[in-house]
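**Q** Heads up: the sequence shown at position 152 corresponds to 142 in this note's numbering, and the numbers run straight through without jumps.
Quick one: the structure is below, questions incoming.
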Amino acid sequence: MPRYRQDHEYCEELNLDDTTVFLGITMDSKLQWSPHINGLAKRLSSAAYAVKKIRSLTDVDTARLVYFSYFHSLMTYGLLLWGHAADVETIFILQKRAIRAIYNLKCRESLRDKFKEINILTFPSQYIYENIMYVYKNSDKFTRIEHTHNVNTRNKRRLQFPPY
């Protein structure tokens, strides 16, 4: 509803939303990732179902191709931003569901050795990999300890992060 200030300038009330979507990543007003992870979990659940249906109709290679093109691309988009959130366990569970669907494994079978055998990174490993690749590609934005002092120590090659 429009209202007027005392000096008669027209002002419009702003409605504050609890969440907003920017470039496909949902953030809430408290900068928590729960809305994004919940929405992503719904999309990944659909992707895992698609992998399961494709696997029932085709071979392992085709189901694996669908996994990487549909499920994995959704899972890794923006992972560097939201991968540290507290409630990402649901994403890992959905990833395991998709892998079980590809290889027709039972729900109680361990996937620890299967991930190594099929060369697919687990969700936590994928997050670590994304972080390492970010630091590697942007190494000029970080300073090493050797640049801050002249003492030759064994930690001189480590990165120095800015204090918060």
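For every residue, glycine included, the Cβ atom is placed at its ideal position computed from N, Cα and C.
All values reported here derive from a predicted model rather than from experimental measurement.
Of the residues Arg90, Gly29 and Trp23, which one's Cα is nearest the Cα of Ser46?
**A** Counted from its first residue, the sequence shown places residue 46 at position 56. It is Arg90.
**Q** In this structure, does DSSP put Phe12 in helix, strand or coil?
**A** Reading the sequence shown from its first residue, position 22 is the one you call residue 12. It is a strand residue.
**Q** Report the three-state DSSP secondary structure of Leu149 (helix, strand or coil).
**A** As a first step, residue 149 is located in the sequence shown; it is residue number 159 there, counting from the start. If DSSP states are grouped into helix, strand and coil, Leu149 belongs with the strands.
**Q** Where do the N-terminal and C-terminal ends of the alpha helix (DSSP H) with Val125 fall, by residue?
**A** Counting from one through the sequence shown, the residue named residue 125 turns up at place 135. Unbroken alpha helix (DSSP H) run through Val125: Phe113 to Lys127.
**Q** Would you kindly work out how many angstroms separate the C-alpha atoms of Lys146 and Leu69, rounded to a whole number?
**A** On the sequence shown, position 156 is the one that residue 146 refers to. On the sequence shown, position 79 is the one that residue 69 refers to. Going from the Cα of Lys146 to the Cα of Leu69 covers about 30 Å.
**Q** Taking C-alpha atoms, which residue in Tyr126, Phe12 and Ser24 lies nearest to Val78?
**A** By 1-based counting over the sequence shown, the position of residue 78 is 88. For the residues Tyr126, Phe12 and Ser24, the minimum Cα distance to Val78 belongs to Ser24.
**Q** Relative to the C-alpha of Tyr67, which candidate in Asp130, Ile15 and Val41 has its C-alpha closest?
**A** Translated into the one-based positions of the sequence shown, residue 67 becomes position 77. Among Asp130, Ile15 and Val41, the Cα nearest to that of Tyr67 is on Ile15.
**Q** Phe12 and Val41 - do their beta-carbons sit closer together than 8 Å?
**A** Here residue 41 refers to the residue found at position 51 when the sequence shown is read from its first residue. Here residue 12 refers to the residue found at position 22 when the sequence shown is read from its first residue. For Val41 and Phe12, no; Cβs fall outside 8 Å.
**Q** I need the straight-line Cα distance from Asp18 to His26, nearest angstrom please.
**A** Taking the sequence shown and counting its residues from 1, one reaches residue 18 at position 28. Taking the sequence shown and counting its residues from 1, one reaches residue 26 at position 36. Distance between the alpha carbons of Asp18 and His26: 9 Å.
**Q** Rounding to the nearest angstrom, what Cα-Cα distance links Thr112 and Gln85 in this structure?
**A** The count along the sequence shown starts at 1 and reaches residue 112 at position 122. The count along the sequence shown starts at 1 and reaches residue 85 at position 95. Rounded to the nearest angstrom, the two C-alpha atoms are 8 Å apart.
**Q** Exposed or buried, Met123, counting other C-beta atoms within 10 Å across all chains shown (16 or more means buried)?
**A** Residue mapping note: residue 123 aligns to position 133 of the sequence shown, counting from 1. Its Cβ having fewer than 16 others within 10 Å, Met123 is exposed.
**Q** Helix, strand or coil: which one does DSSP assign to Asp103?
**A** Here residue 103 is taken as the residue at index 113 of the sequence shown, counted from 1. In this structure, Asp103 counts as helix in the three-state DSSP scheme.
**Q** For Val50, does the count of other Cβ atoms within 10 angstroms reach 16, so buried, or fall short, so exposed?
**A** Within the sequence shown, the letter at position 60 stands for residue 50. Classification for Val50: exposed.
**Q** Between Ile92, Tyr117 and Arg98, which has its C-alpha nearest Ile108's C-alpha?
**A** Working through the sequence shown from its first residue, we reach residue 108 at position 118. Cα-wise, what sits closest to Ile108 is Ile92.
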